[in-house]
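Numbering (my numbering), first residue to last: -3 to 247. In this text, a Cβ means the ideal position worked out from N, Cα and C, and glycines have one as well.
Here it is as structure tokens:
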């Protein structure tokens, strides 16, 4: 039986029919075989390439019809050695013409499945790397007074270098503090250098030496090491601080 997913596969019945066609052409006059082969070749040319079963049968009929017609020709020539030589030459010529026909059909077939390859100019104009994005930072609003309002309600009290939030959380190490715009984060500028970041939603503290708070973006703190350093998201700064991965500059 024909293989699944391969319309061009041939089953035994089609092969038997092809052999039967060759035998019939061998018994008919050679000129009738020539006429039939020409008709089959014309049908193959005008057949739709998408009808694979039809074109496959036509090719099979031509391949088996050529030796059948050649055998009929040698019978007509008397069946001697010369007749067999002429028949062999005709058969080889027929297979050569059939190969040229199939090659011409392949070249003439429209190639719609493959997209044209890009030129060097198009490749040079294509962007390299991930798409860039602009990070607009909201500058921190530092507080040094003894008490100031909490964006989520209540009052923050400062006692020397320690801050006490409205929920009782105590953060020590600096004299300046600020909230993120949404009130989720509280940052303490450590003395002499560094930051203490407190995530109020998850109850986590991050103490990073040699880092400064540059601003807020999308509710997250962005840090820098100095004026000549680009800004980094907190996750990148934590990766470098812990030695797990180097920070990557934002794009």
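Could you name the residues of the same chain whose beta carbon sits closer than 8 Å to that of residue i, not counting the 5 residues immediately before and after it, in chain order?
i: residue 187; result: 157, 169, 170 and 171
i: residue 221; result: 206, 207 and 208
i: residue 153; result: 142, 143, 159 and 160
With H, G and I counted as helix, E and B as strand and the rest as coil, what does DSSP make of residue i?
i: residue 210; result: strand
i: residue 165; result: coil
i: residue 157; result: coil
i: residue 140; result: coil
i: residue 21; result: helix
i: residue 187; result: coil
i: residue 205; result: coil
i: residue 173; result: strand
i: residue 101; result: helix
i: residue 146; result: coil
i: residue 232; result: helix
In chain order, what residues of the same chain have a beta carbon less than 6 Å from the beta carbon of residue i, not counting five sequence neighbours either side?
i: residue 196; result: 180
i: residue 178; result: 215
i: residue 58; result: 36 and 94
Around the C-beta of residue i, are 16 or more other C-beta atoms found within 10 angstroms, so that it is buried, or is it exposed?
i: residue 130; result: exposed
i: residue 176; result: buried
i: residue 53; result: buried
i: residue 217; result: buried
Leaving aside the five residues before and after residue i along the sequence, list all residues of the same chain whose C-beta is less than 7 Å from its C-beta, in chain order.
i: residue 140; result: 171 and 172
i: residue 87; result: 62, 63 and 66
Please confirm if the segment 36 to 45 is in contact with the segment 63 to 80, defined as three or more CB-CB distances below 8 Å between the two stretches. Taking 8 Å as the limit for Cβ pairs, the verdict is that the segment 63 to 80 does not touch the segment 36 to 45.
Let me know the alpha helix (DSSP H) ranges lying completely inside the segment 16 to 96, each 4 residues or longer, listed in chain order. With a minimum length of 4 residues, the continuous alpha helix (DSSP H) runs that stay inside the segment 16 to 96 are 26 to 42 and 48 to 72.
(Q) Tell me whether the segment 133 to 153 and the segment 90 to 102 touch, counting them as touching only if at least three CB pairs, one residue from each stretch, are closer than 8 Å. (A) They do not touch, by the three-pair rule.
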